[in-house]
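> Protein chains in written order, with this note's numbering: chain A, 298 to 566; chain B, 298 to 566; chain C, 298 to 566. Yeah, the Cβ is synthetic: ideal placement off N, Cα and C, and Gly gets one too.
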Amino acid sequence: MLDNHQAAQIYARVRSRRPLIHQITNFVVMNCTANITLCAGALPVMAHALEEVEEMVAAAGALVLNIGTLWPGQVEAMLAAGRRANQLGIPVVLDPVGAGATRLRTESARQLLNEVSISIVRGNLAEVATLAGIKAEISGVESIGGSGNVSEVAAQLARLYNCTVAVTGAIDCVTDGSRYASIANGHPLMATVTGTGCMSTSVVASCAAVEKDAVHAAAAALAAYGLAGQIAAEKAQGPGTFQALLFDALAGLSQESLLAGMRIEEEQA
Amino acid sequence: MLDNHQAAQIYARVRSRRPLIHQITNFVVMNCTANITLCAGALPVMAHALEEVEEMVAAAGALVLNIGTLWPGQVEAMLAAGRRANQLGIPVVLDPVGAGATRLRTESARQLLNEVSISIVRGNLAEVATLAGIKAEISGVESIGGSGNVSEVAAQLARLYNCTVAVTGAIDCVTDGSRYASIANGHPLMATVTGTGCMSTSVVASCAAVEKDAVHAAAAALAAYGLAGQIAAEKAQGPGTFQALLFDALAGLSQESLLAGMRIEEEQA
Amino acid sequence: MLDNHQAAQIYARVRSRRPLIHQITNFVVMNCTANITLCAGALPVMAHALEEVEEMVAAAGALVLNIGTLWPGQVEAMLAAGRRANQLGIPVVLDPVGAGATRLRTESARQLLNEVSISIVRGNLAEVATLAGIKAEISGVESIGGSGNVSEVAAQLARLYNCTVAVTGAIDCVTDGSRYASIANGHPLMATVTGTGCMSTSVVASCAAVEKDAVHAAAAALAAYGLAGQIAAEKAQGPGTFQALLFDALAGLSQESLLAGMRIEEEQA
């Protein structure tokens, strides 16, 4: 598994290359995911019209597909952008928000996984378990429990679609079905703000744009993002100030604090 | 009318039960209403696709319909979700943003009131007056005056549609047409941030999910929310910091501060 | 060119008249542009349904058309609102977000310029250059370089469509093709937050609603907004706290600080 030096290098590459991250995403978090992408050092662009997504993604370093406020026309645009990204070798990161909560969400996420080659799925335990075919409990878009060991569930989805899966939670888990990383960064305040999961997906995509090894990209991204959460929590007085400080903290992360603070560990399957 | 002890108990139930609040709402405030719902202790989910709203609302404790950036397809989804909520006995809270400003808004709000059994309407004076059939002055979505006594106007709408009406302003008024509460919490800074009205609607719905008496639910919600506004205003330096601190304050409200700070009074008709 | 006294008067008129600013805009920045409009002293309303835009704009002091997350149906609504605004003599401000990045954006911006009489175009250098027919480099919606002198490029677009053009950057440039103003307010932190360009457009529209001279309106708006950015930067710890403080700073600008701090200069063509 990657050490902190390699992880910090991935992060440094985002900042020096400033990849464009095309995001077809939900309307709840759009402002936050655009801002967190900027804070990570990349350039966000939100575009969902079928008439432009193939052209837009062609200029991007990575594509985010987030189904948080999906509708059929948006899924159609996601499929078009995803296929074009596949043709061009641009990594696609899927955030299956609320998979398991409604048939539309579960089936749309499955369709995206079946018709687009997804590089990384970033979700919570219930979403990932649902897509792996394991019973899970979800309330709206919040995972409120899932059966089974997190890395087992993640690995099952990873093998099913030949992709990397990143499950965020108290401890994040990243696996491609054979290699496993656990990331012990983060803070409970992150669960009190809407969109912190979606924001982590944007950071993962930013790293995937500059690092071919998807497990390394996702692990580095989640460690840096979680570390920013820890730093933000030191000064926050609640969810509102935490949200503002999270942007500050990610933008302000130095290579030194990354090297000292990231807690990525190899896990045995 | 409810005393502070009862009101604080309603609020405590939101935090212990964490009801899911399904919101079909406007794109301006989605992030803020999701976050304020979390701060109140409930779980927000935003979903507007006709293909999923009936399934999503079935898992919810309350449904918010907010027409702030409406379009005909969204109103159709609101009607479908609202009817399903009615079948299942799930309370529906309507925020008729901008009723009176355009025919589309006025007629859509009326259609929702006619075809869905609405538990609570939460609006400003101009919106409520318009729906009650009283001439009012509205500039875009901002009430800039309304004729008549606030509680009279609210009661007229409440009787017309057999619902509870909550009019927010300097003093909030809640009535079902026979009982009246006035809430003297809140702060002028709340009028300087967009979506503070919409956010109050989400808090009202969070309380309605755990309290069958709609007048009690709305009064408790507006008192707690207004109190949070007062606390946030103490440290705010303007509208931007106020918005962040409002989330902090609502999330941080203790039962003690609720008991001491809520100003709900019974009003004589 | 206008002096600080005149510019401060424009700003004072926004606050005393509170014009309604109808914005058909993108979903990334809607909350921020509504809030900055309130901070400037005007009243925002977001409405994009074809069924209501003509009625809504008739009540407005200015109309903003922002194509940041456009789709064909939204452009249709923009055309309808724009034509109605033209009939009524209401100034129309265009923010051609991402023109140059995709054909849909470039062609939609051109269509709006051809079919609606636009009073002011507010964009970055790449967007303005693209519409002026000059080769430019854009990454998503971020200008990453443009050829030619900024005021030359702006003037070319201004003459092409007989409008005022405001190009924001380190130094802002406003011109109608014969008069030129440069504004040296602003701060590098503004480039680290998404939507700061879109927010400047809303402030420009707020001033255009109360000042017939479009060059004066745009210059006064950008100077005040940039000055707010400078003030916010003094206390900000990064992009997140900067965003909150920017709202505080604009809302808190006194006439004295405007007179002392605005840096508007006449430029020779």
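Roughly how many whole angstroms lie between the Cα atoms of B/A511 and C/T334?
One-based indexing of the second sequence puts residue 511 of chain B at position 214. One-based indexing of the third sequence puts residue 334 of chain C at position 37. If I take the Cα positions, the gap works out to 35 Å.
> Does A/Q371 pass the burial test, meaning 16 or more other C-beta atoms within 10 Å, or should it be called exposed?
Start at 1 with the first residue of the first sequence, and residue 371 of chain A comes out as number 74. Label assigned to A/Q371: buried.
> Spatial neighbours of A/R238 within its chain, please: C-beta separation below 7 Å, excluding the five flanking residues on both sides.
This structure cannot speak to residue 238 of chain A, because chain A is shown only from 298 to 566.
> What are the boundary residues of the beta strand (DSSP E) that B/I561 is part of?
As a working note, residue 561 of chain B is residue 264 in the second sequence. B/I561 -> beta strand (DSSP E) spans I561 to E563.
> Less than 8 Å separating the beta-carbons of A/A514 and A/I307?
As a first step, residue 514 of chain A is located in the first sequence; it is residue number 217 there, counting from the start. As a first step, residue 307 of chain A is located in the first sequence; it is residue number 10 there, counting from the start. Yes; because the gap between Cβ atoms is below 8 Å, this pair is in contact.
> Measuring CB to CB, does A/C460 end up less than 8 Å from A/I431?
If you number the first sequence from 1, residue 460 of chain A lands on position 163. If you number the first sequence from 1, residue 431 of chain A lands on position 134. Contact flag unset, no.
> Suppose you measure from the CA of B/A505 to the CA of C/N482; what does that come to, to the nearest Å?
Looking up residue 505 of chain B in the second sequence gives position 208. Looking up residue 482 of chain C in the third sequence gives position 185. The straight-line gap from Cα to Cα measures roughly 49 Å.
> With a threshold of 6 Å on Cβ separation, who are the neighbours of C/G338 within its own chain once the five nearest residues in sequence on each side are excluded?
Translated into positions along the third sequence, residue 338 of chain C becomes position 41. Here the set comprises V311 and R312.
> Could you tell me how far apart the beta carbons of B/G397 and B/A433 are, in whole angstroms, since I believe they sit closer than 8 Å?
Start at 1 with the first residue of the second sequence, and residue 397 of chain B comes out as number 100. Start at 1 with the first residue of the second sequence, and residue 433 of chain B comes out as number 136. Between B/A433 and B/G397 the Cβ distance is about 6 Å, and since that is below 8 Å, they are a contact.
> Quick check on the DSSP output: the beta strand (DSSP E) that includes B/E434 runs from which residue to which?
Counted from its first residue, the second sequence places residue 434 of chain B at position 137. That run of the beta strand (DSSP E) goes A433 to S436.
> Tell me whether A/L486, by its Cβ, gets closer than 7 Å to a heavy atom of the ligand FMN.
Ligands displayed in this structure: none; no statement on the ligand FMN is therefore possible.
> For the alpha helix (DSSP H) containing C/N332, name the first residue and the last one.
Taking the first residue of the third sequence as 1, we reach residue 332 of chain C at position 35. Start and end: M327 to A337.
> Taking a cut of 9 Å between CB atoms, which residues from the region 543–554 of chain C lie near chain B?
Of all residues in the region 543–554 of chain C, L543, F544, D545, A546, L547, A548 and G549 have a Cβ within less than 9 Å of some Cβ in chain B.
> With the cut-off set at 8 Å, would you say C/M559 and C/A502 are in Cβ contact?
Walking along the third sequence from the start, residue 559 of chain C turns up at place 262. Walking along the third sequence from the start, residue 502 of chain C turns up at place 205. For C/M559 and C/A502, no; Cβs fall outside 8 Å.
> Along the beta strand (DSSP E) that carries A/H319, what are the first and last residues, could you check?
On the first sequence, position 22 is the one that residue 319 of chain A refers to. Element bounds for A/H319: L317 to I321.
> Please list the terminal residues of the continuous alpha helix (DSSP H) segment that includes A/V447.
Reading the first sequence from its first residue, position 150 is the one you call residue 447 of chain A. Where A/V447 is concerned, the enclosing alpha helix (DSSP H) stretches over V447 to Y458.
> From the DSSP output, in three-state form, read off A/R476 for me.
The count along the first sequence starts at 1 and reaches residue 476 of chain A at position 179. Residue state, collapsed to three classes: coil.
> Please state whether the Cβ-Cβ distance between B/L454 and B/I480 is less than 8 Å.
Position 157 of the second sequence holds residue 454 of chain B. Position 183 of the second sequence holds residue 480 of chain B. No, the Cβ-Cβ distance between B/L454 and B/I480 is not below 8 Å.
> Which residues of chain C have a Cβ atom closer than 8 Å to the Cβ of A/L353, listed in chain order?
By one-based count along the first sequence, residue 353 of chain A stands at place 56. With the sequence shown as reference, residue 353 of chain A is identified as Met, and Leu is not the correct amino acid for it. The contacting residues are A398, T399 and G437.
> Measure the alpha-carbon distance for C/G494 versus C/T322 and round it to whole angstroms.
As a first step, residue 494 of chain C is located in the third sequence; it is residue number 197 there, counting from the start. As a first step, residue 322 of chain C is located in the third sequence; it is residue number 25 there, counting from the start. Looking at the two C-alpha atoms, the distance is approximately 12 Å.
> So, at 6 Å on beta carbons, what are the nonlocal neighbours of B/V354 in its own chain, with the 5 sequence-adjacent residues on each side left out?
As a first step, residue 354 of chain B must be located in the second sequence, where it is residue number 57. These residues qualify, in order along the chain: H319, L360, A378, R381 and A382.
> How should C/Q408 be labelled, buried or exposed, when 16 other C-beta atoms within 10 angstroms of its C-beta is the threshold for buried?
Residue numbering aside, residue 408 of chain C sits at position 111 when the third sequence is read from its first letter. Counting Cβ neighbours within 10 Å, C/Q408 comes out exposed, since fewer than 16 surround it.
> Would you tell me roughly how many angstroms separate the C-alpha atoms of C/N446 and C/D300, rounded to the nearest one?
Looking up residue 446 of chain C in the third sequence gives position 149. Looking up residue 300 of chain C in the third sequence gives position 3. Taking the straight line from one Cα to the other gives about 24 Å.
> Please report the straight-line C-alpha distance between B/A525 and B/V464, rounded to a whole angstrom.
Taking the second sequence and counting its residues from 1, one reaches residue 525 of chain B at position 228. Taking the second sequence and counting its residues from 1, one reaches residue 464 of chain B at position 167. Cα-Cα distance, rounded: 18 Å.
> Residues bridged to C/E508 by DSSP?
The residue labelled residue 508 of chain C in the question sits at position 211 within the third sequence. C/E508 is not bridged to any residue.
> Apply the 10 Å Cβ neighbour rule to B/N411 and answer buried if 16 or more other Cβ atoms are within range, or exposed otherwise.
Translated into positions along the second sequence, residue 411 of chain B becomes position 114. By the 10 Å Cβ count, B/N411 comes out exposed.
> Could you tell me which residues DSSP pairs with B/M343 in its beta bridges?
Start at 1 with the first residue of the second sequence, and residue 343 of chain B comes out as number 46. For B/M343, which the question treats as bridged, DSSP gives the partners B/Q320.
> Please look up how many angstroms separate the CB atoms of A/G492 and B/D545, rounded, as I've assumed it's under 8 Å.
Within the first sequence, residue 492 of chain A is the residue found at index 195, counting from 1. Within the second sequence, residue 545 of chain B is the residue found at index 248, counting from 1. With a Cβ gap of about 17 Å, A/G492 and B/D545 do not count as contacting.
> Keeping to the same chain, check which residues put their C-beta closer than 7 Å to that of C/R351; ignore five residues upstream and five downstream.
Translated into the one-based positions of the third sequence, residue 351 of chain C becomes position 54. A small correction: the amino acid at residue 351 of chain C is Glu; Arg does not occupy that position in the sequence shown. So the list reads A377, A378 and R381, once near-sequence residues are dropped.
> Rounding to the nearest angstrom, what Cα-Cα distance links C/L362 and C/L391 in this structure?
Walking along the third sequence from the start, residue 362 of chain C turns up at place 65. Walking along the third sequence from the start, residue 391 of chain C turns up at place 94. Using only the alpha carbons, I get a separation of about 5 Å.
> Tell whether a beta-carbon distance below 8 Å holds between C/I435 and C/G395.
On the third sequence, position 138 is the one that residue 435 of chain C refers to. On the third sequence, position 98 is the one that residue 395 of chain C refers to. Yes; because the gap between Cβ atoms is below 8 Å, this pair is in contact.
> Counting only the same chain and skipping the five closest in sequence on each side, list residues whose C-beta sits under 7 Å from that of A/I528.
Translated into positions along the first sequence, residue 528 of chain A becomes position 231. For A/I528, where only same-chain residues beyond five positions count, the Cβ hits under 7 Å are A546.
> For the region 478–496 of chain A, list every residue whose C-beta sits within 9 Å of some C-beta in chain B, in sequence order.
Residues passing the 9 Å Cβ filter: A488, T489, V490, T491 and G492.
> I think B/V438 touches C/V342, with their Cβ atoms under 8 Å apart; what is that distance to the nearest whole Å?
Here the question's residue 438 of chain B lines up with position 141 in the second sequence. Here the question's residue 342 of chain C lines up with position 45 in the third sequence. Indeed they touch by this definition, with Cβ atoms about 5 Å apart.
> Following the continuous beta strand (DSSP E) through C/A359, name the residue where it begins and the one where it ends.
Reading the third sequence from its first residue, position 62 is the one you call residue 359 of chain C. Looking at the DSSP string, the run of the beta strand (DSSP E) that includes C/A359 is A359 to N363.
> Taking CB distances under 8 Å as the criterion, tell me whether C/L347 reaches chain A.
Counting from one through the third sequence, the residue named residue 347 of chain C turns up at place 50. With 8 Å as the cut-off, C/L347 does not count as an interface residue toward chain A.
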